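Structure record follows, encoded as structure tokens.
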Amino acid sequence: MTIIELNRKQTTFRNKVSKVKNFINSFQLTESTKDYIALKSKLDNIKSIIKELDILQNDYCALPDKVNLKDSLDTLSYLQEEAEETKVSFLVLLSNYESKNETVNNNSKNNHAKLPDLPLPTFSGKFQEFEQFNLQFMNLIGNNPSLNEVQKLCYLKGALKNEASIIQSDQDTFDSLMKALEVRYENTRALVDILS
999 MTIIELNRKQ
1009 TTFRNKVSKV
1019 KNFINSFQLT
1029 ESTKDYIALK
1039 SKLDNIKSII
1049 KELDILQNDY
1059 CALPDKVNLK
1069 DSLDTLSYLQ
1079 EEAEETKVSF
1089 LVLLSNYESK
1099 NETVNNNSKN
1109 NHAKLPDLPL
1119 PTFSGKFQEF
1129 EQFNLQFMNL
1139 IGNNPSLNEV
1149 QKLCYLKGAL
1159 KNEASIIQSD
1169 QDTFDSLMKA
1179 LEVRYENTRA
1189 LVDILS
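Quick note on the working numbering: the sequence shown kicks off at 999 and runs consecutively.
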């Protein structure tokens, strides 16, 4: 390439950097995801321009020694600094956006009233109370995806009192103990006898 062609490329990059700088200077930070994506996209653009400016510098340096490069390299150096400053401005804006969203998310989490802890249901072995116990226990513990099977088993063993605690053994899993309770206490015939 000739110095004239490289200078034209440099002018093109100067225009690109100017456009990106104008974008950043006129940008108004909002909570919009669209704005965040636009910032990320423009940051990618300026990073790409910086890489292309490095390539352009190498192209200038590849020219024959007799070509006077001082003015072109000075302009290119200034343009590289301007692109780096613009990149930093984007990073600052993105950081502000992310911290603003983090603050909004933390505030929304903190705006919820702390409810009192729910007491775990207990079951003492009365047939007529098993259906209610089973429903409450499964809603609170049994169907809770954040608990593993061992934790569920510990809660279940802790909820069984008096006669109901006799049914448990050391070999129980959560599912096996719950099944044993259901077999024993969902006995509709025994329930009918108690109620009649």
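Every residue, glycine too, gets a C-beta built ideally from N, C-alpha and C. In this text, all values refer to a predicted model and were calculated from it rather than measured experimentally.
On the DSSP letters alone, give me the boundaries of the alpha helix (DSSP H) that residue i sits inside.
i, result
"ILE1048", "1031-1059"
"LYS1112", "Careful: LYS1112 lies outside any alpha helix (DSSP H) and carries neither H nor E."
"ILE1022", "1001-1024"
"ASN1132", "1125-1135"
Assuming residue i and residue j make a contact with CB atoms under 8 Å, what is their CB distance in whole Å?
i, j, result
"PHE1125", "TYR1183", "6 Å"
"GLN995", "LEU1077", "The structure shown does not extend to residue 995, since the chain is modelled only from 999 through 1194, so no value can be given for it."
Beta carbon of residue i, beta carbon of residue j: below 8 Å?
i, j, result
"THR1084", "ILE1022", "yes"
"GLU1048", "GLU1082", "One point to set straight first is that residue 1048 is Ile, not Glu, in the sequence displayed. Yes, the pair counts as a contact, with Cβ atoms nearer than the cut-off."
"PHE1065", "ILE1002", "A small fix is needed here, since residue 1065 is Val in this sequence, not Phe. Not closer than 8 Å, so no."
"THR1120", "ALA1178", "no"
"PHE1088", "LEU1041", "yes"
"PHE1128", "LEU1151", "no"
"PHE1011", "LEU1067", "no"
"LEU1004", "SER1070", "yes"
"TYR1153", "LEU1118", "yes"
"LYS1155", "GLN1166", "yes"
field: Any alpha helix (DSSP H) of 4 or more consecutive residues that is wholly inside the region 1142-1183
entry: Here the runs fully enclosed are 1147-1157 and 1172-1183.
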